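Protein chains: 2
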Amino acid sequence: MATALASDLTTLTLGAPLALDSGKQLANVELAYETYGELNADKSNAILIFHALTGDQFVAKTHPLTGKPGWWDRMVGPGKPIDTARYHVICANVIGSCLGSTGPASAAQDGEPYGMRFPVITIRDMVRAQVGLLDALGIERLHAVVGGSMGGMQALSFAANFPGRTERVLAIATTARHSAQNIAFHEVGRQAIMADPDWEGGDYYARGKGPEKGLAVARMAAHITYLSEQGLTDKFGRQLQDRDAKSFGFDADFQVESYLRYQGLAFTDRFDANSYLYITRAMDYFDLAEEHGGLLADAFREASDTRFCVVSFDTDWLYPTSESRNVVHALNAVAAPVSFVELSAPFGHDSFLLECPALDRVVKGFLG
Amino acid sequence: MATALASDLTTLTLGAPLALDSGKQLANVELAYETYGELNADKSNAILIFHALTGDQFVAKTHPLTGKPGWWDRMVGPGKPIDTARYHVICANVIGSCLGSTGPASAAQDGEPYGMRFPVITIRDMVRAQVGLLDALGIERLHAVVGGSMGGMQALSFAANFPGRTERVLAIATTARHSAQNIAFHEVGRQAIMADPDWEGGDYYARGKGPEKGLAVARMAAHITYLSEQGLTDKFGRQLQDRDAKSFGFDADFQVESYLRYQGLAFTDRFDANSYLYITRAMDYFDLAEEHGGLLADAFREASDTRFCVVSFDTDWLYPTSESRNVVHALNAVAAPVSFVELSAPFGHDSFLLECPALDRVVKGFLG
């Protein structure tokens, strides 16, 4: 468990309490955000990027905790598909997260960390907070909203709930509702965290050590869902790790074991376990149709003059193409202009983060 | 953690130490087994059923710990596809397991439970022990070996390593080697168990309480892989559990969460965590081609006069049809008589255990 230094963060405090879907209010909401490229005079060139479950605002800047390049550095920058020489790119850490925006690790009114007293939030709550940020920045209408995975959920939610505030919506590798299988995998992760005695009902901040083993297991399970079976086979197969023969023991004999263990451990250095609980819950609660009376098309009725682009990947089994098709059918039903493409990429759900030249072309072309 | 009473168990002690693939030997190997139907005079009507990871010898008898019907009660019995009015069915608990056969919970030479001193075993070791049982029972040649999932691995291993000892091999929903994704899911489960402080390096027997939370998480993760995405959607979708609206909390709001939690908890009442570690390890080590010089066809070269039937399910993403096809191609390469069918069933990997009339017909037809 590590925390970013305040000097690494740009934050803004929303002027009013945030009304949440739960009926509760969240006071003193801080949003940590980063911008890339210049905002033009009439404030018409802004693109809001929404990050995924474990992402953050450091889209194209060095991560302050890991020292690694931004998570979409390959996509965002001068001359890149999301061209910061032309566009002003904004990305904010979602509420509930742990890189500067208000979340379970933040101080509540009594000065102590919220822990599990933090209210359960939804994808729409995350979006509402970011609309508050746009208001504060004086940006009335975006050139586009863009997001992959949970970022795509926010993009769809933004379109449905704030239809006048963007010209374009680019939703990648995402879904309009979490399926039973999606919920099941998240529940495994939450149970792994809560089973760890170091979780202590979420009240671990004072100790400086959270439920790291549980969080690592949660990350390992989730990580498998981000990759395709074929991708894992191509990358690791049954290759052994630094040995010529099986050890007949329980060390990480196979490369894929060693890789997963590393993914789990590394994650605990940069992410808060309670944030993982709250954000996965928000994703599981996401059902855009349900929010709009049960018919997905109704979610988009006010957004029918927004331009949409929906992208899926053929090897993504977390949010398979059928989920994107579901969104496209709803958009068709309200005659919204929509482009839809299923790209072929070997990496499964994570394809949107990895080397996929076809995605670059789609993004560049759609943003214009 | 519960243990079966000795009075519930039929056991046989192998006469000689078992030579293991690791190079070690396992002394005083006990095998707990059950039989169904009469053995005929020339001992030619025996069918050996191999159970799966968490299965046991109670194929068609009430389970002594859960009080539930046998795991393949629908398939095995008088007049059923595996007809005990005609065949003598044998099923033994695999070594490494926890229902009477020698495993980590058994006493080592020093009288204390093995725990993690138990040697790492392989699928072939499990099969070797069961061949020892056949020897003791005086059964030279089986009418058939039958198994699904890990049972199918044992069936293939039996055919490859003891080719003269069966006329027929029926391998259902299985694979000739564990893939990187298969290993990855098992590793998550093992890490969940080992992360539980109640595991205590496997040395928990004296306390009477094992790493139940970790084992439950392992089971939950594995359970998802046994079901199809569509099956989960059909069965649970996003239906709420005993409530009209989301609770905005971390209780099991969704039926699928409640179901998974139940599956995890119930499992800890009947299964030993160390056995879970050892048996998943054996499955991950399984690579029938590697055992036979790298070419799967070579595994079956001596078995080319055995009749094979290979069955896969279209919704099984744990051991998809491509894995069965791989086996069939190897059998074709040695001109072994093989029938192959991909059945359509909605339940994913678990289809072999559930209502699937087409499977009943295939099994009945193949056994003759």
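From first to last, the protein sequence lines are chains A and B.
At position 19 of the first sequence the residue is numbered 219 (this note's numbering), and the sequence of numbers has no breaks.
At position 240 of the second sequence the residue is numbered 440 (this note's numbering), and the sequence of numbers has no breaks.
Quick reminder that beta carbons are idealized off the backbone N, C-alpha and C, glycines included.
Note that this is a predicted model, so its numbers are computed, not measured.
Contact annotation for residue 483 (chain B) against chain A: no contact, minimum CB-CB distance about 12 angstroms [criterion: below 7 angstroms]. Within the model, the alpha-carbon separation for residue 227 (chain A) versus residue 543 (chain A) is close to 42 angstroms.
Against chain A, the CB of residue 487 (chain B) has a partner CB under 8 angstroms away; the residue lies at that interface. With at least 16 other beta carbons inside 10 angstroms of its own, residue 520 (chain A) counts as buried.
In the DSSP assignment, residue 233 (chain B) is bridged to B:292.
Of the residues assessed, residue 268 (chain A) falls on the exposed side of the cut-off, its CB having fewer than 16 other CB atoms within 10 angstroms. Listed by position along chain B, the residues whose Cβ is nearer than 9 angstroms to that of residue 377 (chain A) are 438.
For the stretch 463-482 of chain A, the beta-carbon criterion of a distance under 8 angstroms to any beta-carbon of chain B is satisfied by 464, 477, 481.
Our two residues, residue 314 (chain A) and residue 442 (chain A), have alpha carbons roughly 44 angstroms apart in a direct line. Taking 7 angstroms as the upper bound on Cβ-Cβ separation, chain B lies near residues 424, 429, 432, 433, 436, 437, 438, 446, 448, 449, 450 of the stretch 424-453 of chain A. Taking every protein chain shown into account, the CB of residue 307 (chain B) has fewer than 16 other CB atoms within 10 angstroms, so this residue is exposed. For residue 475 (chain B), the uninterrupted alpha helix (DSSP H) run begins and ends at 473-485, by DSSP.
Taken through DSSP and simplified to helix, strand or coil, residue 441 (chain B) comes out as coil. Beta-carbon to beta-carbon, residue 239 (chain A) and residue 246 (chain A) are separated by about 6 angstroms, close enough to satisfy the 8 angstroms threshold. Excluding residues up to 5 positions away in sequence, 327, 345 lie with their Cβ nearer than 6 angstroms to the Cβ of residue 358 (chain A) in the same chain.
Against chain A, a Cβ distance below 8 angstroms from residue 369 (chain B) picks out nothing, because the smallest value is about 23 angstroms.
With a cutoff of 8 angstroms on beta-carbon distance, residue 389 (chain A) and residue 360 (chain A) are scored as not near each other. Ranked by Cα distance from residue 316 (chain B), the first of B:401, B:414, B:549 is B:401.
At least 8 angstroms separates the CB of residue 225 (chain A) from every CB of chain B. With a beta-carbon spacing of about 12 angstroms, residue 289 (chain B) and residue 347 (chain B) fall beyond the 8 angstroms limit used to define contacts.
Cβ-Cβ separation between residue 468 (chain B) and residue 554 (chain B): approximately 23 angstroms, too far for a contact (criterion under 8 angstroms). Sorting A:395, A:375, A:434, A:407 by C-alpha distance to the C-alpha of residue 380 (chain B) places A:434 at the top. The C-beta of residue 317 (chain A) comes no closer than 8 angstroms to any C-beta of chain B.
Among the CB atoms of chain B, none fall inside 8 angstroms of the CB of residue 217 (chain A). Contact check for residue 260 (chain A) against residue 277 (chain A) passes: the beta carbons are separated by less than 8 angstroms.
Counting along the chain, residue 334 (chain B) sits inside the alpha helix (DSSP H) bounded by residues 323-337. For the stretch 395-417 of chain B, the set of residues with a beta-carbon nearer than 8 angstroms to any beta-carbon of chain A comprises 395, 396, 397, 413, 414, 416, 417, in chain order. Take the alpha-carbon of residue 422 (chain A) and the one of residue 565 (chain A): they are about 32 angstroms apart. Fewer than three beta-carbon pairs drawn from the stretch 443-461 of chain A and the stretch 472-491 of chain A are found closer than 8 angstroms, and the two stretches are therefore not classed as touching. Here residue 523 (chain B) is buried: its Cβ has 16 or more other Cβ atoms, across all protein chains shown, within 10 Å.
Under the 8 angstroms criterion on CB atoms, residue 290 (chain A) is classed as non-interfacial with respect to chain B. The stretch 295-302 of chain A makes no contact with the stretch 492-507 of chain A: fewer than 3 CB pairs, one atom from each, lie closer than 8 angstroms. Residue range 368-372 is occupied by the beta strand (DSSP E) that includes residue 368 (chain A), with no alpha helix (DSSP H) assigned at that position. Between residue 254 (chain A) and residue 471 (chain A), the CB-CB gap stays under 8 angstroms. Residue 384 (chain A) has a beta carbon lying within less than 8 angstroms of a beta carbon in chain B. For residue 225 (chain B), DSSP records a beta bridge to B:219.
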